[in-house]
Each structure stands twice: as structure tokens, then as C-alpha cells.
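Numbering-wise, the numbering used here comes out as the position in the sequence shown, counting from 1, plus 45. C-beta atoms are modelled at their ideal positions from N, C-alpha and C, and glycine is treated no differently. Structure first, then comments.
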Amino acid sequence: MVSKFYDIGDKTLKRTRQICPRCGDGTFLAEHSDRRSCGKCGYTEFKSQKNEK
Ligand SMILES: [Zn+2]
């Protein structure tokens, strides 16, 4: 049960995560509450669509 859940969770994570447009395939953006950012090149993408103030 645990290993199965782990496998599914890993796939979901890869699907949900966005790839860095600068670094390309294999580099994912880190999820933050209001933005996504790349730890490699510093690219930041703000989630302004959901929380517009
Ligand atoms: Zn990057």
C-alpha cells in the first residue's frame, strides 16, 4: 500500500510541477504560495491569476 501510494504520488508531482522555461526539461520550478521559482537560474513565475489583489 505504502509503496504504491508513493509511486502514484511521484508521478503526480512530476505532472503538477512546471518545467523551467530557461533551463528546460529536467529542471522544475519550486512551488511557493504565491509564485514558482527555479533554483538554478532564478526564474520566477508569479501566480497572479488566482490571487489578484
Ligand atoms: Zn531555471
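Item, Value
"Between residue 89 and ligand 1, is there a pair consisting of the residue's CB and a ligand heavy atom that are separated by less than 7 Å?", "no"
"Relative to the C-alpha of residue 93, which residue among 80, 67, 85, 87 is closest?", "80"
"Quick one: does the C-beta of residue 92 sit closer than 7 Å to a heavy atom of ligand 1?", "no"
"When burial is assigned at 16 or more other CB atoms within 10 Å of the CB, is residue 86 buried or exposed?", "exposed"
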